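Inspection log for the structure reproduced underneath, given as structure tokens.
2 protein chains.
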Amino acid sequence: MRIIHDPVELQTLALSVRRTGKRIGLVPTMGFLHEGHLSLIDEAKKRSDFVIVSIFVNPVQFGPNEDLDKYPRDFEHDRALCEEHGADVIFAPAPDAMYAPDRSVWVEETKLSRGLCGALRPGHFRGVTTVVAKLFLLAQPDVAVFGQKDAQQALVIRRMVRDLNFPIEIVTAPLVRDTDGVALSSRNKYLSPADRERAKVLSRSLFAAQRGELDADGVRKAIAGTADKVDYVVWLDADTLEEPTENTREILVAVAAYFGTTRLIDNVLIQEKK
Amino acid sequence: MRIIHDPVELQTLALSVRRTGKRIGLVPTMGFLHEGHLSLIDEAKKRSDFVIVSIFVNPVQFGPNEDLDKYPRDFEHDRALCEEHGADVIFAPAPDAMYAPDRSVWVEETKLSRGLCGALRPGHFRGVTTVVAKLFLLAQPDVAVFGQKDAQQALVIRRMVRDLNFPIEIVTAPLVRDTDGVALSSRNKYLSPADRERAKVLSRSLFAAQRGELDADGVRKAIAGTADKVDYVVWLDADTLEEPTENTREILVAVAAYFGTTRLIDNVLIQEKK
Chain G
2 MRIIHDPVEL
12 QTLALSVRRT
22 GKRIGLVPTM
32 GFLHEGHLSL
42 IDEAKKRSDF
52 VIVSIFVNPV
62 QFGPNEDLDK
72 YPRDFEHDRA
82 LCEEHGADVI
92 FAPAPDAMYA
102 PDRSVWVEET
112 KLSRGLCGAL
122 RPGHFRGVTT
132 VVAKLFLLAQ
142 PDVAVFGQKD
152 AQQALVIRRM
162 VRDLNFPIEI
172 VTAPLVRDTD
182 GVALSSRNKY
192 LSPADRERAK
202 VLSRSLFAAQ
212 RGELDADGVR
222 KAIAGTADKV
232 DYVVWLDADT
242 LEEPTENTRE
252 ILVAVAAYFG
262 TTRLIDNVLI
272 QEKK
Chain B
2 MRIIHDPVEL
12 QTLALSVRRT
22 GKRIGLVPTM
32 GFLHEGHLSL
42 IDEAKKRSDF
52 VIVSIFVNPV
62 QFGPNEDLDK
72 YPRDFEHDRA
82 LCEEHGADVI
92 FAPAPDAMYA
102 PDRSVWVEET
112 KLSRGLCGAL
122 RPGHFRGVTT
132 VVAKLFLLAQ
142 PDVAVFGQKD
152 AQQALVIRRM
162 VRDLNFPIEI
172 VTAPLVRDTD
182 GVALSSRNKY
192 LSPADRERAK
202 VLSRSLFAAQ
212 RGELDADGVR
222 KAIAGTADKV
232 DYVVWLDADT
242 LEEPTENTRE
252 ILVAVAAYFG
262 TTRLIDNVLI
272 QEKK
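Residue numbers (the working numbering), protein chains in the order written: chain G, 2 to 275; chain B, 2 to 275.
See the structure below:
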């Protein structure tokens, strides 16, 4: 497994791998890898011949009061996991190598990115689409794998790929949970044991919604009664992120809430029966 | 020479051409080709093995009161010229094939695009960068050729390529003039013979600046005395589009002015002697 820090070196390698006819798979991450990320790497491995895992805590998708500086990092652990799961390259650039001081070009999605996390984290998705466009052009993947954990992000990336004509297949892999139901997240590390216990309310309420035992309001009440702050609880068309209509084939129930100072997100999909 | 209307068909072809190891050259145009465009095709031909000329009057770079509907078109003439100059493919998509009704992703340059034409044509450069990003991803060029006639556009595209890491060499080919000095433009077709005569003031003033006979103010006065309306006359650092500094290596003198209802642009470069 190669470790590459220089964007130009990665691009040169990727272009030469493509010329050999191999399919490239890309898994973009911010590192501090957990089983969720590893499931994405495994998925990429199945669907391509050459897997690139990017590890980059992307500064431009963090707001001024967010956790950029304290975002957890453990490169040696990440390296071991990538090796174990058969990645061919880790791409770990320095922020300065990705962004020139006079950078001035952004890729921006203007509809799907406006609600949910986009409403509460202004500029977040513009940072995500911009860095993912750059990673796509550097790593030249045929297929890129994202997690359903970040449901809105996956939709925004799919829209970017469609609207800008990236020749890339986007795969959204299922959300991975711990045995207690809590969605895996690098930010779970921040939780105290008591907060971790309370955080189970997210998955518990979402599962109840999936079983038809709670409606949107019920989920909202359950979470508001336990979390320290609720950013949103939404019940939307899973394709458009708008209010469900008669054409809706799947519902996304998505939540974002704080436990202590830690913001967690979670979601489930519910098939519409017609 | 193949004529392709379907974006997916072009991309499939381009990806397969790349796999053969051939270098692809792209010349993006809005059609109604003149000698200026043909010089770009010739340049692409020199620098690549497979030349794609796109002909697309891009609706999203026109303002609501601009000349989208009356922009001149002559596909049969364009086809003959492309054939004659050795293009391998004309890509001529319909607007609907390029833009989904619910499109929501833009590529935007936020510094170099703000002055000059960008200040007077809001949204223009966002439309340009978005369509050029799409054309780059569809045509998969190794090299793309733009004209110095649209000096600001060429700089904005270079910045996009740098900031998003497109693996594409951008070539800016010299501006081509008619024998009377007037810069070639598809919009010259709109000029009455009297307006055409008056329009010579642009190149005449710019040449005088180049010879050191007029300064910025002199150029401004000469043009304001003849044109029906002056959008701008600027004397800027040719790399940054900011006021020249001691580090400036080249000056861009650029003008935009109306003759009758026709808006023309022109520019010259002046080397700084130090």
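Backbone N, C-alpha and C fix where the C-beta goes; we use that ideal spot for every residue, glycine too. Being a predicted model, the structure only gives us computed values, none of them experimental.
Run down chain G in chain order and give the residues with a C-beta less than 7 Å from the C-beta of residue i.
i, result
"T111/B", "S105 and W107"
"G22/B", "R20"
Check whether the Cβ atoms of residue i and residue j lie closer than 7 Å to each other.
i, j, result
"N59/B", "V157/B", "no"
"D79/G", "G26/G", "no"
"P29/G", "S187/G", "no"
"G148/B", "L82/B", "no"
"V183/G", "A210/G", "no"
"F260/B", "R221/B", "no"
"R115/B", "G64/B", "no"
"L136/G", "F167/B", "no"
"V235/B", "I224/B", "no"
"V177/G", "E273/G", "no"
"V146/B", "V106/B", "no"
"R104/G", "D164/B", "yes"
"I169/B", "F92/B", "no"
"D181/G", "K201/G", "yes"
"P8/G", "P142/G", "no"
"Q153/B", "L117/B", "yes"
"V144/G", "S55/G", "no"
"E44/G", "A174/G", "yes"
"A15/B", "A140/B", "yes"
"E247/B", "L270/B", "no"
"D238/B", "T227/B", "no"
"K113/B", "L242/B", "A quick correction: the sequence has Leu, not Lys, at residue 113/B. Yes, these two residues count as a Cβ contact at 7 Å."
Could you check whether the Cβ of residue i sits closer than 7 Å to any Cβ belonging to chain B?
i, result
"K135/G", "yes"
"L253/G", "no"
"Q12/G", "yes"
Who are the near neighbours of residue i in its chain, counting only those whose CB is closer than 6 Å to its CB and skipping five residues on each side?
i, result
"I266/G", "A257"
"D68/B", "none"
"L119/G", "The amino acid at residue 119/G is misidentified as Leu; the sequence shows Gly. Cβ neighbours of G119/G beyond the five flanking positions: F126."
"Q12/G", "L139"
"K23/G", "D50 and F51"
Does chain G have any CB closer than 7 Å to the CB of residue i?
i, result
"P94/B", "no"
"F167/B", "yes"
"L242/B", "no"
"L139/B", "yes"
"D164/B", "yes"
Span of the alpha helix (DSSP H) holding residue i?
i, result
"D97/G", "P96 to M99"
"P102/B", "Taken as a continuous stretch (DSSP letters only), P102/B belongs to no alpha helix (DSSP H), as it is neither H nor E."
"V269/G", "From DSSP, V269/G is part of no alpha helix (DSSP H) but of the beta strand (DSSP E) over T263 to Q272."
"G219/G", "A217 to A225"
"I169/B", "Where I169/B is concerned, there is no enclosing alpha helix (DSSP H), given that its DSSP letter is neither H nor E."
"G128/G", "H125 to A140"
"V90/G", "Careful: V90/G lies outside any alpha helix (DSSP H), inside the beta strand (DSSP E) at V90 to F92."
"S17/G", "P8 to R20"
So which residues on chain G does residue i lean against when the C-beta distance must stay under 8 Å?
i, result
"R160/B", "S105 and V106"
"P8/B", "N166"
For the beta strand (DSSP E) that residue i lies in, which residues bound it at each end?
i, result
"R3/G", "R3 to I5"
"Q62/B", "Unbroken run through Q62/B: none, as it is neither H nor E."
"L237/B", "K230 to D238"
"V146/B", "V144 to G148"
"L253/B", "E251 to F260"
"T30/G", "I25 to T30"
"F76/G", "Here F76/G belongs to no beta strand (DSSP E); instead the alpha helix (DSSP H) covers F76 to E85."
For residue i, collect the residues of the same chain with a Cβ closer than 8 Å to its Cβ; drop the 5 residues on either side in sequence, then sort them by chain order.
i, result
"G87/G", "I42, K46 and V52"
"D89/B", "M2, R3, F51, V52 and I53"
"L207/G", "V220, V254, V256, D267, N268 and V269"
Which residues in the same chain as residue i place their Cβ atom closer than 7 Å to its Cβ, once the five residues preceding and following it in sequence are excluded?
i, result
"T263/G", "R188, Y191, L192 and D196"
"V108/G", "T130, T131, A134 and M161"
"D229/B", "Y259, F260 and G261"
Taking C-beta pairs closer than 8 Å, name the residues in chain B that residue i reaches, listed in chain order.
i, result
"P101/G", "Correcting the residue type first, residue 101/G is Ala in the shown sequence and not Pro. By Cβ distance, chain B contributes R163 and D164."
Could you tell me which chain B residues have their CB closer than 7 Å to the CB of residue i, listed as they occur along the chain?
i, result
"L16/G", "P168"
With respect to 6 Å, is the separation between the Cβ of residue i and the closest non-hydrogen atom of the ligand FAD below this value?
i, result
"A152/B", "This structure does not include the ligand FAD; it has no bound ligands of any sort."
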